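Student: Protein chains in written order, with the working numbering: chain A, 1 to 121; chain B, 122 to 507. Cβ atoms here follow ideal geometry from the backbone N, Cα and C, with glycine treated the same way. Just so you know, these numbers come straight off a predicted model, no measurement behind them.
1) Going residue by residue through the stretch 384-470 of chain B, where are the continuous beta strand (DSSP E) segments of at least 3 residues, counting only ones entirely within it?
2) Using a beta-carbon distance below 9 Å, is residue 324(B) in contact with chain A?
3) List the residues of chain A that residue 439(B) touches, going by C-beta distances under 9 Å, in chain order.
4) On the CB-based measure, 16 or more other CB atoms within 10 Å of its CB, does residue 66(A) come out buried or exposed?
5) Taking only three categories from DSSP, how would you classify residue 358(B)?
6) Enumerate in chain order the residues of its own chain whose CB-to-CB distance from residue 284(B) is below 6 Å, with the five nearest sequence positions on each side excluded.
7) By Cβ distance below 8 Å, which residues in the same chain neighbour residue 30(A) in space, the five residues on each side in sequence not counted?
8) Taking 8 Å as the threshold, find out whether the stretch 445-462 of chain B comes into contact with the stretch 423-436 of chain B through three or more Cβ pairs.
9) Between residue 246(B) and chain A, is any beta-carbon pair separated by less than 9 Å?
10) Residues of chain E with a CB under 7 Å from the CB of residue 38(A): which are they?
11) Please compile the residues from chain B whose C-beta is within a distance smaller than 9 Å of the C-beta of residue 61(A).
12) Evaluate residue 207(B) with the Cβ neighbour count: other Cβ atoms within 10 Å of its Cβ, from every protein chain shown; 16 or more gives buried, anything less gives exposed.
13) Give the residues from the stretch 157-169 of chain B that approach chain A closer than 7 Å (Cβ to any Cβ), ordered along the chain.
14) May I have the straight-line CA-CA distance separating residue 374(B) from residue 450(B), to the nearest angstrom?
15) Checking contacts by CB at 9 Å: is residue 57(A) closer than that to chain B?
16) Output needed for residue 26(A): all residues of its chain with C-beta closer than 8 Å, excluding positions within five of it in sequence on either side, in chain order.
17) Just how far apart, CA to CA, sit residue 275(B) and residue 479(B)?
18) Please work out which residues of its chain come closer than 6 Å, Cβ to Cβ, to residue 256(B), disregarding the five sequence neighbours upstream and downstream, and give them in chain order.
19) Would you grab the beta carbon distance between residue 358(B) and residue 367(B) for me? Rounded to a whole angstrom, and I think it's under 8 Å.
20) Within the continuous beta strand (DSSP E) that includes residue 237(B), where are the two ends?
21) Buried or exposed: residue 218(B), going by 16 or more other Cβ atoms within 10 Å of its Cβ?
22) How is residue 485(B) classed by DSSP in three states: helix, strand or coil?
23) What did DSSP end up calling residue 366(B) once you bin it into helix, strand or coil?
24) Excluding the 5 residues flanking residue 156(B) on each side, which residues of the same chain have their C-beta closer than 6 Å to its C-beta?
25) Would you call residue 124(B) buried or exposed, if buried means 16 or more other Cβ atoms sit within 10 Å of its Cβ?
26) Just verifying my parser: in three-state terms, what is the DSSP assignment at residue 494(B)?
27) Identify every residue that forms a DSSP beta bridge with residue 221(B).
28) I'd like to know whether the C-beta atoms of residue 423(B) and residue 388(B) end up nearer to each other than 9 Å.
29) Of all the CB atoms in chain B, is at least one closer than 9 Å to the CB of residue 16(A)?
30) What does residue 457(B) reach in chain A if we use C-beta pairs closer than 7 Å?
31) Among the candidates 61(A), 53(A), 11(A), whose CA atom is the shortest distance from the CA of residue 32(A)?
32) At the level of alpha carbons, what is the spacing between residue 468(B) and residue 440(B)?
33) Can we say the stretch 319-337 of chain B touches the stretch 376-390 of chain B, given the rule of at least three CB pairs closer than 8 Å?
34) I want to verify the contact list: residues of chain B whose CB lies under 7 Å from the CB of residue 33(A), in sequence order.
35) Measure the C-alpha to C-alpha separation of residue 411(B) and residue 421(B) and round it to an integer number of angstroms.
36) Quick check on residue 115(A): does DSSP put it in helix, strand or coil?
Structure representation (structure tokens):
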């Protein structure tokens, strides 16, 4: 299972032709306590870089962008009742949405573990 | 997630302490200040409501306005210094008892708000007022007050010192170990004390809705006082983020957001700050407009809103039930004590009734919002009966 990263601190975990998208541990630390998550609707078609979700901390709203182009197939409804999952467990329980990946080639342009670790050093 | 560029920003005497404590430094009112410490805004907010929070508010504008030629008669000297500042503001300063402090507003000729501020009568220093203005407006405020003072009085800035706010239900017990006599102050009282041989000015006041104190000290003593307060396990340092969420829950307006040069005290629901004697004399800037508004000729009023769903931030449109835009949010965010989104904003008076169901537009979508009384979280000030 491979996980790729954007310079905007989204991750996408690749499971076959689907990607699971959320924000990294580094991002949640920077944002602080998440109090609200606005998720895309299932079926929404996103282009790479489109605004896909919004996370709200006490102070501010931050946009979450689609790391690749595709169609939203599932969203993490647990975040509606428990937005703090993004803080406590960003890369597992705090995932935001799943996307059917249009073009696997777009994944090659994202950062790998080492590249992302370099970025957040 | 923009990082602060620390160049050109002023630092308070406690800057190194904030950095050492892991504070995330941001620019605010021209100063480099911590928006939060590692524990985060939510934990800092709740700590202040339950224990005692310590805030570095040294960026604000404390000052002393003193008569140049006091007569030596305390009452006559107070009347004379009150007459210097009253033409600029709407508060009754002449009527302050020794040691009493008042929240008031600097007004322009159109009745708009130049700043909100505290003015106190120092009991041991007749003919001197303690005046504390906001950080972002202080240069202009000080210039206005100094110009108004002419050759009658001198404004001495004290914003090179340290100004700390100790806020929360445990604040009074913490103060008992630091300056025991200061616990005798009631809400909105001020006096000069001594701490380790230096003069410090303490008022029982703050901007969180909690009981607490604001402490002004010479800059070179700020670190020692900060460290001594934090040595008490009931006290933790609190950043600007929680300061904002606390004051929002307390329903207190923030200058530059809920108040500006167009907003009058009546529109802002600060009619209490227009003192009775001043109303009757109609002798303050913008009196014509403000008194007419008080009699009902009002086009907008500040209200509190509980918002369903995502927080409505400053600038969000307020809509009526049919979706027509009727006003705007001026402060909004998440209320950690309530677990809900709350906001302050302005709407026409006929939409301003408590319980009125409106909407707010967040990212193009209408969300429910209901008008509720403010404060959102009850104030817990320590009021002394006179």
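Tutor: A quick look at the data gives this:
1) 422-428, 438-440, 446-456, 461-468
2) To locate residue 324(B), count along the second chain from 1; it is residue 203. It does not: the Cβ of residue 324(B) has no partner Cβ on chain A nearer than 9 Å.
3) Within the second chain, numbered from 1, the residue matching residue 439(B) stands at position 318. Residues of chain A passing the Cβ test: none, with the nearest at roughly 18 Å.
4) As a working note, residue 66(A) is residue 66 in the first chain. The residue is buried, with at least 16 neighbouring Cβ atoms inside 10 Å.
5) For the purposes of this step, residue 358(B) is taken as the residue at position 237 of the second chain. Correct three-state label for residue 358(B): strand.
6) Here the question's residue 284(B) lines up with position 163 in the second chain. Within the same chain, residue 284(B) has close Cβ partners 178, 179, 181, 183, 337.
7) Along the first chain, read from residue 1 onward, the residue named residue 30(A) stands at position 30. These residues qualify, in order along the chain: 9.
8) yes
9) Walking along the second chain from the start, residue 246(B) turns up at place 125. With 9 Å as the cut-off, residue 246(B) does not count as an interface residue toward chain A.
10) Protein chains A and B are contained in the structure displayed, whereas chain E is not.
11) The residue labelled residue 61(A) in the question sits at position 61 within the first chain. What residue 61(A) touches in chain B: 431, 432, 434, 483, 484.
12) Along the second chain, one-based indexing puts residue 207(B) at 86. It is buried - the Cβ of residue 207(B) has at least 16 other Cβ atoms within 10 Å.
13) 157, 161, 162, 163
14) Start at 1 with the first residue of the second chain, and residue 374(B) comes out as number 253. Start at 1 with the first residue of the second chain, and residue 450(B) comes out as number 329. Between residue 374(B) and residue 450(B), the C-alpha separation is close to 12 Å.
15) Counting from one through the first chain, the residue named residue 57(A) turns up at place 57. Answer yes: the Cβ-Cβ gap between residue 57(A) and chain B drops below 9 Å somewhere.
16) Within the first chain, numbered from 1, the residue matching residue 26(A) stands at position 26. Contacts found: 9, 120.
17) On the second chain, position 154 is the one that residue 275(B) refers to. On the second chain, position 358 is the one that residue 479(B) refers to. Cα to Cα, the separation comes out at about 49 Å.
18) Numbered from its first residue, the second chain carries residue 256(B) at position 135. Excluding sequence neighbours, residue 256(B) sits near 150, 180, 181.
19) The residue you call residue 358(B) lines up with position 237 of the second chain. The residue you call residue 367(B) lines up with position 246 of the second chain. With a Cβ gap of about 14 Å, residue 358(B) and residue 367(B) do not count as contacting.
20) Sequence index remark: in the second chain, residue 237(B) carries index 116 (1-based). 234-242 is the extent of the beta strand (DSSP E) around residue 237(B).
21) Reading the second chain from its first residue, position 97 is the one you call residue 218(B). Counting Cβ neighbours within 10 Å, residue 218(B) comes out exposed, since fewer than 16 surround it.
22) Numbered from its first residue, the second chain carries residue 485(B) at position 364. It is coil, neither helix nor strand.
23) In the second chain, counting from the first residue as 1, residue 366(B) sits at position 245. Residue state, collapsed to three classes: helix.
24) For this step, residue 156(B) is matched to residue 35 along the second chain. Excluding positions up to five away in sequence, the list reads 145, 147, 360, 361, 362.
25) As a working mapping, residue 124(B) is identified with position 3 in the second chain. Confidence in residue 124(B) is poor, its pLDDT being 44 and thus under 50, which makes the residue's placement unreliable; the coordinate value appears in the next sentence. So residue 124(B) counts as exposed.
26) Indexing the second chain from 1 puts residue 494(B) at position 373. In this structure, residue 494(B) counts as coil in the three-state DSSP scheme.
27) Walking along the second chain from the start, residue 221(B) turns up at place 100. In DSSP, residue 221(B) forms a bridge with 310(B).
28) In the second chain, residue 423(B) corresponds to position 302, counting from 1. In the second chain, residue 388(B) corresponds to position 267, counting from 1. Yes, the pair counts as a contact, with Cβ atoms nearer than the cut-off.
29) The count along the first chain starts at 1 and reaches residue 16(A) at position 16. Residue 16(A) does not count as touching chain B.
30) The residue labelled residue 457(B) in the question sits at position 336 within the second chain. Residues of chain A passing the Cβ test: 58.
31) Residue numbering aside, residue 32(A) sits at position 32 when the first chain is read from its first letter. Nearest option by C-alpha distance: 61(A).
32) The count along the second chain starts at 1 and reaches residue 468(B) at position 347. The count along the second chain starts at 1 and reaches residue 440(B) at position 319. Cα to Cα, residue 468(B) sits roughly 9 Å from residue 440(B).
33) no
34) One-based indexing of the first chain puts residue 33(A) at position 33. In chain order: 161, 162, 163.
35) As a working mapping, residue 411(B) is identified with position 290 in the second chain. As a working mapping, residue 421(B) is identified with position 300 in the second chain. About 13 Å.
36) Residue mapping note: residue 115(A) aligns to position 115 of the first chain, counting from 1. Note: residue 115(A) maps to helix in three-state DSSP.
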